[in-house]
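Sequence order for the protein chains is A and L.
Following full-length UniProt numbering, the numbering of the first sequence begins with 1 at its first residue and continues without gaps.
Following full-length UniProt numbering, the numbering of the second sequence begins with 1 at its first residue and continues without gaps.
There are 2 protein chains.
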Amino acid sequence: MKASIKIIAEQSGVSKTTVSFVLNGRGDEKNISADTQKRVLDTALRLNYQPNHLARSLSTGRSYTIGFVVPDISNPFFSRIARLVEHYAEEKGYSVMMASTDEKPEKEQKIINSFHNRQIDGVIIAPSSVDMIKNTPNFPFVTFDRQMPNFRTANITINNEESAYQLTQKLFERGCNRVGVVTLKAFLPNIKQRIDGYKKALQDNKLITDMELIVEANINDIRATIKSGIDTLMNLSRPVNGIFFLNNVLATEGIWVFNRYYPQLLDKVLFASFDNIDVFDYVQPKVISALQPGEEIARNCVNMLIAQIEGKNLQEAICLSTTIIER
Amino acid sequence: MKASIKIIAEQSGVSKTTVSFVLNGRGDEKNISADTQKRVLDTALRLNYQPNHLARSLSTGRSYTIGFVVPDISNPFFSRIARLVEHYAEEKGYSVMMASTDEKPEKEQKIINSFHNRQIDGVIIAPSSVDMIKNTPNFPFVTFDRQMPNFRTANITINNEESAYQLTQKLFERGCNRVGVVTLKAFLPNIKQRIDGYKKALQDNKLITDMELIVEANINDIRATIKSGIDTLMNLSRPVNGIFFLNNVLATEGIWVFNRYYPQLLDKVLFASFDNIDVFDYVQPKVISALQPGEEIARNCVNMLIAQIEGKNLQEAICLSTTIIER
DNA sequence: AAAAATTACTAAACCGGTTTAGGTGCAAAT
DNA sequence: ATTTGCACCTAAACCGGTTTAGTAATTTTT
Numbered sequence: 001m002k003a004s005i006k007i008i009a010e011q012s013g014v015s016k017t018t019v020s021f022v023l024n025g026r027g028d029e030k031n032i033s034a035d036t037q038k039r040v041l042d043t044a045l046r047l048n049y050q051p052n053h054l055a056r057s058l059s060t061g062r063s064y065t066i067g068f069v070v071p072d073i074s075n076p077f078f079s080r081i082a083r084l085v086e087h088y089a090e091e092k093g094y095s096v097m098m099a100s101t102d103e104k105p106e107k108e109q110k111i112i113n114s115f116h117n118r119q120i121d122g123v124i125i126a127p128s129s130v131d132m133i134k135n136t137p138n139f140p141f142v143t144f145d146r147q148m149p150n151f152r153t154a155n156i157t158i159n160n161e162e163s164a165y166q167l168t169q170k171l172f173e174r175g176c177n178r179v180g181v182v183t184l185k186a187f188l189p190n191i192k193q194r195i196d197g198y199k200k201a202l203q204d205n206k207l208i209t210d211m212e213l214i215v216e217a218n219i220n221d222i223r224a225t226i227k228s229g230i231d232t233l234m235n236l237s238r239p240v241n242g243i244f245f246l247n248n249v250l251a252t253e254g255i256w257v258f259n260r261y262y263p264q265l266l267d268k269v270l271f272a273s274f275d276n277i278d279v280f281d282y283v284q285p286k287v288i289s290a291l292q293p294g295e296e297i298a299r300n301c302v303n304m305l306i307a308q309i310e311g312k313n314l315q316e317a318i319c320l321s322t323t324i325i326e327r
Numbered sequence: 001m002k003a004s005i006k007i008i009a010e011q012s013g014v015s016k017t018t019v020s021f022v023l024n025g026r027g028d029e030k031n032i033s034a035d036t037q038k039r040v041l042d043t044a045l046r047l048n049y050q051p052n053h054l055a056r057s058l059s060t061g062r063s064y065t066i067g068f069v070v071p072d073i074s075n076p077f078f079s080r081i082a083r084l085v086e087h088y089a090e091e092k093g094y095s096v097m098m099a100s101t102d103e104k105p106e107k108e109q110k111i112i113n114s115f116h117n118r119q120i121d122g123v124i125i126a127p128s129s130v131d132m133i134k135n136t137p138n139f140p141f142v143t144f145d146r147q148m149p150n151f152r153t154a155n156i157t158i159n160n161e162e163s164a165y166q167l168t169q170k171l172f173e174r175g176c177n178r179v180g181v182v183t184l185k186a187f188l189p190n191i192k193q194r195i196d197g198y199k200k201a202l203q204d205n206k207l208i209t210d211m212e213l214i215v216e217a218n219i220n221d222i223r224a225t226i227k228s229g230i231d232t233l234m235n236l237s238r239p240v241n242g243i244f245f246l247n248n249v250l251a252t253e254g255i256w257v258f259n260r261y262y263p264q265l266l267d268k269v270l271f272a273s274f275d276n277i278d279v280f281d282y283v284q285p286k287v288i289s290a291l292q293p294g295e296e297i298a299r300n301c302v303n304m305l306i307a308q309i310e311g312k313n314l315q316e317a318i319c320l321s322t323t324i325i326e327r
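Structure (structure tokens):
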């Protein structure tokens, strides 16, 4: 017989109410005698009572589950954050449901709907759009990695422009005199900010921004588009000797392309990339990277989300700094 | 006013029962007139009705949520499977809760308890122990990546021994004459199988298994233990010129150690490793890897778990093959 | 001694669905 | 003129908890 509060009540000769109070540790507060409390607890133990979380959630309106939604959970940057979010959430008694959007707003919307219907308490998301937030009012959201323009949510980001500036600047300091950038064909504000930082670094080095130095990759056909982008950069009348990649996926593919198609130039160019990942430690070309503070990002996401869930005053936006790692 | 079945019933002048039938598409089957059905559906649409998944789950006993539990979701092998599991689960209408065990049985048990209490329908797990399975009878489990000895569950594994044999064999074919192995200090059957495959390859090359060729790393202090393991292998009276790593984490750390401490030997040794990951494409030393069939693993895990959940006859165990990738 | 407060406990409503076991009324069959 | 069958619909129990608004008995206060 699967133990329920009702069964425990019957077996210890008290009401469901009493059992509920006792099992929730509110026995003293509710003036349940020590005797009765012991009896109830013993029965619960004896029957190996396991509370039904669903039933509790239904009646309290809180599921103690949060969503973690990113473009791709297998992207090392996101899976690292996922792990940390899981950790901080667990500390606060929350479980985590995860899903990948593939950077597709429709899929994102479906996921949010599904999570919302499942009565999840709130969502941490690296958003591809803001539609699902608009379509789901009164639902706690914390966005991270991207900040949507013209739309305010609780948000954790990094100083994209400044970090991009520093990364580009480092390339120049390390001897590059012509620096290209590989960006993504996508309308995301952090991309624009990173490009702005790049441009600013060029300016400060008395270089005009040359549009042929900016090449776009397409997320849906990444290997081929990066190959052709890099070919473009290397076949300029004055080829680049430094390349700035807007994120780890682009950089990883860039490394692949260079090892395969430009092996003779591996030590002639320098890379810079957002997101520090382990492999940058031992690949060629050398990569200067901007390490995002994963722990802080995850911790803040979880804290801000739970604050929102609990209706506390919420901090609107936090901007964190990266650490530039040279190699 | 948040729409519920009750509200819809009132507003369209029928009973909750009727609404429930209609919204579940069982209107015809239950002989609800076309007229009434339309009225109910219109009301639901007008009120933007969103079903409460919790309530449904509570009454049906099915949450349409599955758990995905691995040692570390940020390990690229597991995050790749996670992504695929999510995909196949979604196809079948299931959401996925994820958690990392850190290879700790107590944590594993806590996670399983939490998932079980949350009325999750079943769990896909790369187990660190079998205790939580024994402690949670009548709960659908599918294990993958590891097969626990003396304990039968629905299970997906790969041909560990054969793959390890092939990897080691390749090292010999590619010119290595002394091959060491880096293993993990952990009691997991797949580790033993992989070591067995390695030993078998040595035998077939008329070599006796030399215990000094087998070094152990400790998962909790991986960088230091791998360093000292590799030092051991390189300082033997006859140092190795091939190293077989039991998984991608070990190999990745091994690559790091070599780039840092043995840069002069990068092209003098050859690596072999389980789990093909992208970086193996462009690092030194060269890595021969065993690519696990992620799609098949994930698809089978999901299918077998759902079959179990639905009480269908379940296939007990599936063993898949890896693909050896040379570089 | 009556009123007020405290202790110890509970009935019943509620959360939002599903499902069982019927109940009408009307047409067809006996 | 009953009985049977069917089309159409619903009351009420149920899932397993939480919570409000109480009650009865005892103790304290006035």
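Note that beta-carbon positions come from the ideal geometry of N, C-alpha and C, so glycine has one too.
Note to self: L184/L and I219/L - do their beta-carbons sit closer together than 8 Å?
What the structure shows: yes
Item checked: Presumed contact (8 Å Cβ cut-off) between I226/A and V182/A, rounded CB distance -> 7 Å
Notebook entry, point to check: Can you name the residues of chain L whose CB is closer than 7 Å to the CB of N24/A?
Noted result: Residues of chain L passing the Cβ test: none, with the nearest at roughly 14 Å.
Note to self: Taking 6 Å as the limit between beta carbons, can you name the residues of its chain near A272/L, skipping five residues before and five after?
What the structure shows: L167, L171, F244, I288
Next item on the list: Consult DSSP for C176/L and reduce its assignment to one of helix, strand or coil.
Entry: coil
Notebook entry, point to check: List, in order along the chain, the chain A residues whose C-beta lies closer than 9 Å to that of P76/L?
Noted result: S74, P76, S79
Note to self: Give me the residue from Q264/A, I324/A, G242/A, F68/A with the minimum Cα distance to S114/A.
What the structure shows: F68/A
Item checked: 8 Å contact criterion, which E103/A and P71/A should meet: CB distance rounded -> 5 Å
Next item on the list: Pick helix, strand or coil for residue 331/A, following the three-state DSSP scheme.
Entry: Limits of chain A in this structure are 1 at one end and 327 at the other, which puts residue 331/A out of reach.
Item checked: Distance between beta carbons of F280/L and A290/L, contact taken as under 8 Å -> Not quite, the Cβ-Cβ distance comes to about 11 Å (not below 8 Å), so this is no contact.
Check: So what does A290/L bridge to, in DSSP terms?
Finding: F274/L, I324/L
Margin query: Could you compute how far the alpha carbon of K268/L sits from the alpha carbon of M211/L?
Written below: 23 Å
Margin query: Does the CB of residue 329/A have a neighbour CB from chain L at under 8 Å?
Written below: Because residue 329/A is not part of the residues shown, which for chain A are 1 to 327, the question remains open.
Note to self: Just to make sure I have the definition right: I need the residues of chain L whose C-beta is within less than 8 Å of the C-beta of L291/A. Which are they?
What the structure shows: Near L291/A there are no residues of chain L at all, since even the closest Cβ is about 15 Å away, more than 8 Å.
Checklist line | Supposed contact pair P293/A and L320/A - C-beta distance, whole angstroms, cut 8 Å | finding: 5 Å
Item checked: Distance between V14/A and I8/A (C-alpha atoms, nearest Å) -> 8 Å
Item checked: Sequence-distant residues of its chain with Cβ nearer than 8 Å to E162/L (five each side left out) -> G197, S321
Notebook entry, point to check: What's the call for R46/A, buried or exposed, on a 16-neighbour Cβ count within 10 Å?
Noted result: exposed
Next item on the list: Under 7 Å between beta-carbons, which chain L residues line up against T252/A? List them in chain order, please.
Entry: D278
Margin query: Measuring straight from C-alpha to C-alpha, what distance separates R146/A and P127/A?
Written below: 7 Å
Next item on the list: With 7 Å as the C-beta to C-beta threshold (strictly closer), list the residues of the region 77-105 of chain L near chain A in chain order.
Entry: S79, R80, A82, R83, E86, S95, V96, M97, M98, A99, S100
Item checked: Reduced DSSP secondary structure (H/G/I, E/B, other) of F144/L -> strand
Item checked: Buried versus exposed call for P140/A [16 or more other C-beta atoms within 10 Å across all chains shown] -> buried
Item checked: Whole beta strand (DSSP E) elements within the region 17-92 of chain A, 3-residue minimum -> 65-70
Check: So which residues on chain L does L54/A lean against when the C-beta distance must stay under 8 Å?
Finding: L54, S57, L58, S63, R118, Q119
Check: Taking residue 335/L as the reference, which of E295/L, W256/L, A217/L, N247/L has the closest Cα?
Finding: Because chain L here runs from 1 to 327, residue 335/L falls outside it and cannot be looked at.
Next item on the list: Any chance you could list the beta strand (DSSP E) runs of at least 3 consecutive residues sitting entirely within the region 153-212 of chain L, in chain order?
Entry: 154-158, 179-184
Check: Going by beta carbon distance, what residues of the same chain come within less than 6 Å of I214/L, once the five residues before and after it are set aside?
Finding: V181
Margin query: Within the continuous alpha helix (DSSP H) that includes G229/A, where are the two ends?
Written below: 222-234
Check: Run through DSSP, which three-state label would S114/L get?
Finding: helix
Check: Leaving out five residues before and five after Q11/L in sequence, what residues of the same chain have Cβ atoms less than 6 Å from its Cβ?
Finding: T43
Check: My guess is that R178/L and V240/L are in contact by the Cβ rule of under 8 Å, so how many angstroms apart are they, rounded?
Finding: 5 Å
Check: Does the beta carbon of V69/L come closer than 8 Å to any beta carbon on chain A?
Finding: no
Checklist line | Beta-carbon proximity check, I120/A vs I66/A, cutoff 8 Å | finding: yes
Note to self: Can you confirm whether N300/L, when its beta carbon is compared against all beta carbons of chain A, has any partner nearer than 8 Å?
What the structure shows: no
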